[in-house]
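Participant: This is the structure, below, for whatever I ask next.
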Amino acid sequence: MGHAIALDARLHAYLISSEPPEHEELRKLREYTATMPNARFQIAPEQGHFLGFLVRLIGARRVLEIGTFTGYSALAMALALPANGRIVTCDVNEEWVNIGCSYWARAQAAKKIEVRIGPALDTLATLTNDRAEAFDLAFIDAKKDEYDEYYEGALKLVRPGGLIVLDNMLQGGHVADPADNGPRTIPIRALNEKISRDARVDRVVLPVGDGMTLARRR
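The working numbering puts the first residue of the sequence shown at 111, with every later residue one more than the last.
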């Protein structure tokens, strides 16, 4: 039975070399972020390509992002949006987000990005209460113990036919170990099971990065 191929360093380098060229400001932001103590929070370049591809694939005009860190993923999606597109990105750490601002500006994408600083659950509640225009795509990459609430919030805000993309859904393989009951593993394992049975969405889990789940709202 076929299964996903394991990526060693050589094959990963080949994969990256076969991707479209990375925007110069994306590359610079990624390289700077890689020097930070929390560099592991940043998505991989192939995930940035994938998110941009999804934005173009569904013709997205409005994107919601929950967790942006230094803004690499926000920029990857903003660059794929049309001129009148907009991404609302949420994070609790203004210092991290501010790192990305100059890169967004040089990439001429800053006008597409609206930052909301504060707990994401509060931002989701505000957007819901304000009856915000529906989003075409939501990308979730923040506190793992709140993922289920982010998912439910995104379902209220994404249009029918829109996508919810969740990162880190394999947790380095720990979700497959029943003996692993770590604070990050338990909520992600539970959400994986929930989404697999959720009649509100069509869904697929892909071994991209640390695992990305795509859920299409029916």
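From the three backbone atoms N, C-alpha and C, an ideal C-beta is built for every residue, glycine too.
Just so we're clear, the structure is a prediction, and the values are computed from it rather than from any experiment.
Where do the ends of the alpha helix (DSSP H) carrying Thr233 lie?
Facilitator: Here the alpha helix (DSSP H) through Thr233 covers 230-239.
Participant: Alpha carbon to alpha carbon, how far is Ala190 from Arg166? Give it in angstroms, no decimals.
Facilitator: Distance between the alpha carbons of Arg166 and Ala190 is about 6 angstroms.
Participant: From this set, Arg196, Lys138, Ile126, Ala264, which residue's C-alpha is nearest Thr236's C-alpha?
Facilitator: For Thr236, the nearest C-alpha among the options comes from Ala264.
Participant: Enumerate, from N- to C-terminal direction, the unbroken beta strand (DSSP E) stretches of 3 or more residues contained entirely within the segment 138-182.
Facilitator: Listed in chain order, they are 172-176.
Participant: Sorry if obvious, but does the Cβ on Val285 come closer than 7 angstroms to a heavy atom of the ligand FAD?
Facilitator: The ligand FAD is absent from the structure shown, which contains no ligand whatsoever.
Participant: Pull up the distance between the alpha-carbon of Pro147 and that of Leu136, whole angstroms please.
Facilitator: Answer to the nearest angstrom: the Cα atoms are 19 angstroms apart.
Participant: Does the segment 205-216 come close enough to the segment 171-186 to have 3 or more Cβ pairs within less than 8 angstroms?
Facilitator: The segment 205-216 is in contact with the segment 171-186.
Participant: Who are the near neighbours of Ala149 in its chain, counting only those whose CB is closer than 7 angstroms to its CB and skipping five residues on each side?
Facilitator: Thr143, listed in sequence order.
Participant: For Ala193 versus Ile223, is the C-beta distance shorter than 8 angstroms?
Facilitator: Result no, Cβ atoms of Ala193 and Ile223 do not sit closer than 8 angstroms.
Participant: Can you find the residues in the same chain that come closer than 8 angstroms, C-beta to C-beta, to Ser128, ignoring five residues on each side of it along the sequence?
Facilitator: No residues qualify anywhere along the chain.
Participant: Is the beta carbon of Ala267 sitting closer than 8 angstroms to the one on Phe245?
Facilitator: It is worth fixing the name first, because residue 267 is Leu in this sequence and not Ala. For Leu267 and Phe245, yes; Cβs fall inside 8 angstroms.
Participant: Rounded to the nearest angstrom, what separates Tyr261 and Ala220 at their Cα positions?
Facilitator: Cα to Cα, Tyr261 sits roughly 26 angstroms from Ala220.
Participant: I think Leu231 touches Glu256, with their Cβ atoms under 8 angstroms apart; what is that distance to the nearest whole Å?
Facilitator: Confirmed, Cβ separation roughly 6 angstroms.
Participant: So, using beta-carbon positions, are Asp277 and Asp308 closer together than 8 angstroms?
Facilitator: No. Outside cutoff.
Participant: Using a threshold of 8 angstroms, state whether the C-beta atoms of Val318 and Glu175 are closer than that.
Facilitator: No.
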